[in-house]
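Beneath this line is the structure, given in structure tokens, with notes to follow.
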Amino acid sequence: MCVYSFKVPSSATLKGASPDLESSGPSLFALLSFLEALVKNDLGGDDDGRLIVKPTSPASQHQKQTSADQMAGCIRFIILNPGRYLYDVVKEARSVVLAGGTMKPFEEFTDQVFRPAGKSESDVTLFSCGHVIDAKRQLAIYAPSFSPGGVPWDFTFKNRNNSRLIHECGEFLIEVCKVVPGGVAVFFPSFDYLSAVWTHWNSTDLFSRLQMTKKVFKEPRSATALGQVMQAYAAAATSSRQGACIVCVIGGKLSEGINFNDSLARCVVVVGLPYPNIHSAAMREKLRFMNERFAKCQKDGRTVGQVFCEAMCMRAVNQTIGRAIRHARDYAAVFLLDQRFARRQLRDQLPTWAQDAITNPTPRLDQLRIHLEHFFQRNASSSR
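Residue 141 in this note's numbering sits at position 72 of the sequence shown, with consecutive numbering throughout.
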């Protein structure tokens with residue numbers, strides 16, 4: 070499948086279009102006028118937006134089983150320079166407030182919104198509220214660097230298909246499911262990696278052993294099947310003694326649009342780090358723009374583009390962690406399975422309340438079981 074990225078032609082280019090283009094009727098020109106309006110920049114220049122065209126490709130045998138929407142091509146418009154739309158506001162207003170639920174890491178707001186309007190870091194005040202829960206009592210976060218078998222949790226792109234690593238991940242999940250009541254939600258970086266892990270587990274006895282601890286569900290790619298899967302998972306997680314486990318994708322419907330409150334997720338497991346695909350057309354354009362426009366804003370030897378990718382990744386992780394805690398009496402355990410979480414640079418990008426809940430160092434497996442048992446017993450009794 071090919072993905073193309075191009076700029077919308079200017080008015081002058083459209084006026085000089087070929088006779089064939091002009092004779093195609095008003096509908097085409099209406100579309101072109103609309104696309105041109107998207108990227109029109111009153112501040113000068115036409116580099117602030119891109120159109121990403123994903124053409125329809127011939128359907129394979131597998132694709133014939135999918136919906137027409139999944140097979141259709143599409144046109145996406147991406148904003149490369151959000152600061153352009155806020156320039157006048159930031160420049161002229163006495164005070165500007167940007168507020169949101171999951172905004173950390175904050176660096177890109179300074180780099181892309183305030184700095185282009187002439188504001189420095191000293192002009193920006195950051196304020197973050199605490200959580201409604203007592204994070205040290207109602208949230209237990211573990212960030213182990215190694216599996217119980219001594220394998221490094223190295224889910225970098227070059228190592229993530231390591232069969233021993235995938236196997237250890239399954240073994241660890243089985244041990245977690247033995248202790249955690251209710252539901253366990255496991256999040257992977259992408260659908261492709263989830264499929265690879267799922268295939269490996271099914272080729273061994275791991276999947277059947279996991280099914281003996283909890284009923285296992287998998288997030289479907291199709292949005293139409295999602296409701297049915299989630300309904301079945303919720304019933305198994307909340308109404309059976311065994312509970313349930315669902316494997317999902319960070320950035321999918323379940324990581325952003327579904328609340329895993331109470332027994333729907335007494336434990337969230339984040340496998341790896343969901344860095345964006347820098348080879349996609351949209352990311353290539355975004356990174357090229359940022360590295361050219363903000364070349365002077367390098368930090369710690371990293372380009373602004375690298376900082377942006379890391380911020381996207383950690384914001385997705387923070388959203389995923391937040392799926393499990395949805396009200397003041399809720400509680401959950403969280404596992405961050407990637408040795409890169411040992412870096413202070415990444416941990417500092419977690420919400421403060423999440424940083425306070427990290428258990429250091431992560432106990433050995435036998436001690437970890439005791440930790441989890443005490444955690445769930447204490448919170449179950451206090452929430453009654």
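C-beta atoms are modelled at their ideal positions from N, C-alpha and C, and glycine is treated no differently.
Beta bridge pairing from DSSP links Pro221 with Phe215.
Cβ contact annotation for Glu177 (same chain, cutoff 6 Å, sequence separation greater than five): Phe377, Ala380, in chain order. Of all C-beta pairs linking the segment 218-226 to the segment 279-296, fewer than three are shorter than 8 Å, placing the two stretches out of contact. The C-beta of Met281 has fewer than 16 other C-beta atoms within 10 Å across all chains shown, which makes the residue exposed. Non-local C-beta neighbours of Leu434 in its own chain, meaning closer than 7 Å and more than five positions away in sequence, comprise Pro217, Glu244, ordered along the chain.
For Cys382, there is no enclosing beta strand (DSSP E); the residue is found in the alpha helix (DSSP H) stretching over 373-391.
Between the alpha carbons of Ala209 and Ala186 lies a distance of about 41 Å. One thing to note: Leu149 has its Cβ within 8 Å of the Cβ of Phe358. Nearest to Pro258 by alpha-carbon distance, out of Leu107, Arg413, Leu405, is Leu405. Cβ contact annotation for Lys188 (same chain, cutoff 7 Å, sequence separation greater than five): Val159, in chain order. Counting along the chain, the unbroken beta strand (DSSP E) around Ile315 starts and ends at 313-318. Ala254 is bridged by DSSP to Ile315, Val337.
The C-alpha of Pro95 is placed about 10 Å away from the C-alpha of Leu101. Residue environment: Asn448 is assigned as buried (16 or more neighbouring CB atoms within 10 Å of its CB, all protein chains considered). Per DSSP, the beta-bridge partners of Phe404 are Tyr211, Val338.
Leu275 is classed as buried because its beta carbon has at least 16 other beta carbons within 10 Å across all chains shown. For the 8 Å CB-CB criterion, Lys283 and Cys246 form a contact.
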